[in-house]
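Colleague: Below you will find the structure I want to go over with you.
Pasting the structure below:
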């Protein structure tokens with residue numbers, strides 16, 4: 173795991189995002205089942221269950237991107253081996269690339285909501301994506317979850333995709349349907365989402381495939 177008008181990362185809603193915040197399946201991902209979390213608008217829409225070979229599930233061998241080398245190795249917290257068995261919010265909480273995003277998720281009380289989903293894709297802005305606002309602005313906006321939640325939703329897709337699935341899809345609908353489509357461009361290791369580059373992609377977790385990206389996605393820009 174609401175229509176916003178956000179001009180840019182340094183302004184209002186985009187600023188809010190910064191304050192509270194990263195196998196070998198070669199088949200293109202398609203929608204898979206998702207279990208709605210109680211009393212949460214971030215619950216992904218349900219669909220028929222898919223096999224692991226067709227629902228975007230990846231393994232450590234599928235991970236790619238220049239920032240992947242920054243992850244801990246072996247079974248240390250934040251490593252691929254450590255994150256893989258955990259639901260996505262719990263896994264992200266150990267990832268050294270995603271401390272700001274994790275702060276945002278916690279501030280909006282979305283940890284359980286994201287962990288409860290069965291098959292989602294998460295575009296996770298890395299810490300440098302939030303750096304422009306600075307700590308003061310981050311802390312200021314951390315107390316405004318109503319503004320931040322729709323932005324976080326824009327980074328989550330209610331189906332599980334691997335990189336090849338993203339490439340085939342072209343455009344995606346996020347959980348923030350009012351925010352407009354997510355546009356996938358490029359191919360292979362050069363995929364982008366709304367122009368954001370993938371720093372480390374195809375990261376497997378128990379219930380999601382994670383793509384760490386280099387900027388915060390702004391709802392409304394692709395309408």
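In the numbering used here, the protein residues as written are 173 to 395. Positions of the beta carbon are idealized from the N, C-alpha and C atoms, including for glycine. In this text the structure is predicted, and so the values were computed from the model without any measurement.
In whole angstroms, give me the CA-to-CA distance for residue 261 and residue 228.
Modeller: Counting from one through the chain shown, the residue named residue 261 turns up at place 89. Counting from one through the chain shown, the residue named residue 228 turns up at place 56. Cα to Cα, residue 261 sits roughly 18 angstroms from residue 228.
Colleague: Determine the extent of the alpha helix (DSSP H) in which residue 287 is found, giving its start and end residues.
Modeller: Here the question's residue 287 lines up with position 115 in the chain shown. Element bounds for residue 287: 283-288.
Colleague: Can you have a look at residue 342 and say buried or exposed, based on whether 16 or more other CB atoms are within 10 angstroms of its CB?
Modeller: For this step, residue 342 is matched to residue 170 along the chain shown. Exposed: under 16 other Cβ atoms inside 10 Å.
Colleague: Quick check: residue 351 and residue 317, are their CB atoms within less than 8 angstroms of each other?
Modeller: Taking the first residue of the chain shown as position 1, residue 351 is located at position 179. Taking the first residue of the chain shown as position 1, residue 317 is located at position 145. No, they are not a contact pair.
Colleague: Within the same chain, show all residues whose beta-carbon is closer than 6 angstroms to that of residue 371, passing over the 5 residues directly before and after it, in chain order.
Modeller: To locate residue 371, count along the chain shown from 1; it is residue 199. The residues are 237, 239, 298, 384 and 386.
Colleague: My output table needs one value for residue 360: the three-state DSSP class, helix, strand or coil.
Modeller: Within the chain shown, numbered from 1, the residue matching residue 360 stands at position 188. Reduced to three states, the DSSP call for residue 360 is helix.
Colleague: Which class does residue 346 belong to by DSSP, given the choice of helix, strand or coil?
Modeller: Stepping through the chain shown from its first residue, residue 346 is reached at position 174. Strand, per DSSP.
Colleague: Within the same chain, show all residues whose beta-carbon is closer than 8 angstroms to that of residue 249, passing over the 5 residues directly before and after it, in chain order.
Modeller: Position 77 of the chain shown holds residue 249. Contacts found: 266.
Colleague: Suppose the cutoff is 6 angstroms on Cβ atoms and the five residues either side in sequence are ignored; what does the same chain contact list for residue 200 look like?
Modeller: Mapped onto the chain shown, residue 200 falls at position 28. Residue confidence is low: residue 200 scores 37 on pLDDT, short of 50, so the model does not pin down where it sits. No coordinate-derived value is stated.
Colleague: Relative to the C-alpha of residue 293, which residue among 393, 388, 374 and 395 is closest?
Modeller: Locating residue 293 in the chain shown gives position 121, counting from the first residue. Residue 293 has its Cα closest to that of 374, out of 393, 388, 374 and 395.
Colleague: Under 6 angstroms Cβ to Cβ from residue 264, same chain only, skipping five residues before and after it: list those, please.
Modeller: Translated into positions along the chain shown, residue 264 becomes position 92. Taken in chain order, the residues that qualify are 270 and 274.
Colleague: Do you know whose CA, among 276, 326, 333 and 323, lies nearest residue 307's CA?
Modeller: For this step, residue 307 is matched to residue 135 along the chain shown. The candidate whose alpha carbon is nearest that of residue 307 is 276.
Colleague: DSSP three-state label for residue 271, please.
Modeller: Here residue 271 refers to the residue found at position 99 of the chain shown. If DSSP states are grouped into helix, strand and coil, residue 271 belongs with the helices.
Colleague: What do you reckon, are the CB atoms on residue 378 and residue 245 nearer than 8 angstroms?
Modeller: Counting from 1 along the chain shown, the entry for residue 378 is found at position 206. Counting from 1 along the chain shown, the entry for residue 245 is found at position 73. Not in contact: residue 378 and residue 245 (Cβ atoms no closer than 8 angstroms).
Colleague: Please list, in chain order, all residues of the same chain as residue 255 whose beta carbon is under 6 angstroms from its beta carbon, the five residues on each side excluded.
Modeller: As a working note, residue 255 is residue 83 in the chain shown. 263 and 377.
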